[in-house]
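Engineer: This is the structure I have questions about; it appears just below.
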Amino acid sequence: MHILHGNQNDNLLPSVPSPSKDDRWLKISWSDGHESAYSIQWLCYVNDFLRNSPSKINLLQQRVRLEYPKDDFYFPTVENMAHRDSWNVAALLEKIKPISYTDLIDGYQWDESTTFRNANKIADMSAKRFAAMKSVATQMVSNGLVKIVEVPQERDYVLKVVRSLAYERTTGYGTVFDVVVEPNEDVNFAYTSHEFDLHSDLTYREISPGVQLLHCIRNASEGGLSYFSDALYACNVLKRDHPDLFQVLAQFPATFVVRDPYRDVKFRHQIPIINLNLQGQVEGIYYSPFMLPPMGNHEDVKLFYLAFDKLTQLLHSKELKYITKMDPGDLFMFHNRRVLHGRSAYNPKTSSRFLQGSYMDWDEMTCLHEKLIRCENDCNSNH
Numbered sequence: 004m005h006i007l008h009g010n011q012n013d014n015l016l017p018s019v020p021s022p023s024k025d026d027r028w029l030k031i032s033w034s035d036g037h038e039s040a041y042s043i044q045w046l047c048y049v050n051d052f053l054r055n056s057p058s059k060i061n062l063l064q065q066r067v068r069l070e071y072p073k074d075d076f077y078f079p080t081v082e083n084m085a086h087r088d089s090w091n092v093a094a095l096l097e098k099i100k101p102i103s104y105t106d107l108i109d110g111y112q113w114d115e116s117t118t119f120r121n122a123n124k125i126a127d128m129s130a131k132r133f134a135a136m137k138s139v140a141t142q143m144v145s146n147g148l149v150k151i152v153e154v155p156q157e158r159d160y161v162l163k164v165v166r167s168l169a170y171e172r173t174t175g176y177g178t179v180f181d182v183v184v185e186p187n188e189d190v191n192f193a194y195t196s197h198e199f200d201l202h203s204d205l206t207y208r209e210i211s212p213g214v215q216l217l218h219c220i221r222n223a224s225e226g227g228l229s230y231f232s233d234a235l236y237a238c239n240v241l242k243r244d245h246p247d248l249f250q251v252l253a254q255f256p257a258t259f260v261v262r263d264p265y266r267d268v269k270f271r272h273q274i275p276i277i278n279l280n281l282q283g284q285v286e287g288i289y290y291s292p293f294m295l296p297p298m299g300n301h302e303d304v305k306l307f308y309l310a311f312d313k314l315t316q317l318l319h320s321k322e323l324k325y326i327t328k329m330d331p332g333d334l335f336m337f338h339n340r341r342v343l344h345g346r347s348a349y350n351p352k353t354s355s356r357f358l359q360g361s362y363m364d365w366d367e368m369t370c371l372h373e374k375l376i377r378c379e380n381d382c383n384s385n386h
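Residue 354 in the working numbering is what sits at position 351 of the sequence shown, and the numbering runs on without skipping anything.
Spelled out as structure tokens, the structure:
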């Protein structure tokens, strides 16, 4: 198959390409009579991606020469996939490096009159803050999970952590939300003292937040343990051992449904549980108890649940399910579409548990990571 034609005939041959009059398109005639036209810029991206060529690409020596800055050829998805490192519990315990809140906000002054843009200039950062921020971004891109310690045990500090890194993502729960027991259990299962097992948040929305932060202000004396599990690791195992079941979860859309009791509206979103990018790599996981089965015949639905059950077993295995007790002042930050989270039950009559949460978009984190690496490289090259 020729990559530019898409036909499986191995005998197809392209003619000498000719540019359009405005030099923006490249025309090719094929030996089967088919004609194609390709954007010059798109061809540059493809060429750079497949061959890892320099940013100056001479497509037609006679007429067309395009020069773009190297950064314009950055493929966020592909580049950040290369940095990912899936984990089980044993590997995570070696990888996770707690970061001090004091270091992260060293010299960082923010109030309602301070704009994010002015407060996060690399040139104005202390070395301590730069190193802490780089550690956050690197661990997030690689592991999808970061632990920040010694955060003041007061309201809204989770938002200060968010804004020390990027912009927050506002949802139907606001900018900051409280995770506490509410008298009306119909509001949200998360606002109870019952066990709430592994899940990703807001799977029922059009685009779920990429990053979630949970800050522990108080924790229950007994119970209230936090769960984390790397769905990327589980998916890789599923793909290796049961490729047919992996494909089922990557192809059949599930329906996620939740009713918002505050506004009396129902949200629905259809998407496969395993979301793949154009290169066939796992890009995101949509896993939640707020799920309806896919529409289809009996055998398809049966196969879907077989695959879902196998993935669930992997996610909840002792090898993969990281269980920890958050101390007051701890803050976990994690990739909401990769690292699933949950909690064990606790008794609200004997002790209270109070967490605050907030969200960010995932590309805020990947672009921050790219920026910090670039700035570090520039700094090293100047010395």
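Ideal Cβ placement from N, Cα and C applies to all residues, glycine included.
Runs of 4 residues minimum, wholly inside the stretch 277 to 365: which ones carry the alpha helix (DSSP H) assignment?
Structural biologist: Within the stretch 277 to 365, the complete alpha helix (DSSP H) runs of at least 4 residues are 301 to 318.
Engineer: For H301, count neighbouring C-beta atoms within 10 Å of its own C-beta (all shown protein chains included) and say buried if the count is 16 or more, exposed if not.
Structural biologist: Classification for H301: exposed.
Engineer: So which of S291, V240, F357 and R341 has the shortest CA-CA distance to R87?
Structural biologist: Answer by Cα proximity: R341.
Engineer: Run through DSSP, which three-state label would D88 get?
Structural biologist: coil
Engineer: Answer with buried or exposed for H272, where buried requires no fewer than 16 other C-beta atoms within 10 angstroms of its C-beta.
Structural biologist: Taking all protein chains shown into account, H272 has 16 or more neighbouring C-beta atoms within 10 Å of its C-beta and is therefore buried.
Engineer: Is E153 close to chain D? Criterion is C-beta to C-beta, closer than 8 angstroms.
Structural biologist: Given the protein chain composition of this structure (a single chain), no chain D is represented.
Engineer: Apart from the five residues just before and just after S138, which ones in its own chain have a Cβ nearer than 7 angstroms to its Cβ?
Structural biologist: K100 and I102
Engineer: Please give me, in chain order, every unbroken run of the alpha helix (DSSP H) with length at least 4 that falls completely inside the stretch 196 to 260.
Structural biologist: 234 to 244 and 246 to 254
Engineer: Note down, in chain order, each residue of its chain lying with its Cβ closer than 7 angstroms to the Cβ of V184, except the 5 sequence neighbours on either side.
Structural biologist: Y194, T195, S196 and P351
Engineer: Identify, in the order they occur along the chain, each residue of the same chain with its Cβ nearer than 8 angstroms to the Cβ of D333, setting aside the five sequence neighbours on each side.
Structural biologist: K150, I151, V152, V154, H218 and C219
Engineer: For A257, tell me which candidate among E198, W28, P292 and A126 has the shortest Cα-Cα distance.
Structural biologist: P292
Engineer: Put I99 into one of helix, strand or coil per three-state DSSP.
Structural biologist: coil
Engineer: At the level of alpha carbons, what is the spacing between L201 and Y265?
Structural biologist: 25 angstroms
Engineer: Look up S18 in the DSSP assignment and say whether it is helix, strand or coil.
Structural biologist: Per DSSP, reduced to three states, the secondary structure at S18 is coil, with no helix or strand assignment.
Engineer: Answer yes if the stretch 361 to 369 comes into contact with the stretch 204 to 215, meaning at least three C-beta pairs across the two stretches below 8 angstroms, and no otherwise.
Structural biologist: Cβ pair count under 8 angstroms is three or more, so yes.
Engineer: Name the residue from G287, Y325, T315 and A93 whose alpha carbon lies nearest to the alpha carbon of D366.
Structural biologist: G287
Engineer: So F133 is in the alpha helix (DSSP H); what residue range does that whole segment cover?
Structural biologist: A130 to N146
Engineer: According to the neighbour-count rule (16 or more other Cβ atoms, all chains shown, within 10 Å of its Cβ), is A126 buried or exposed?
Structural biologist: exposed
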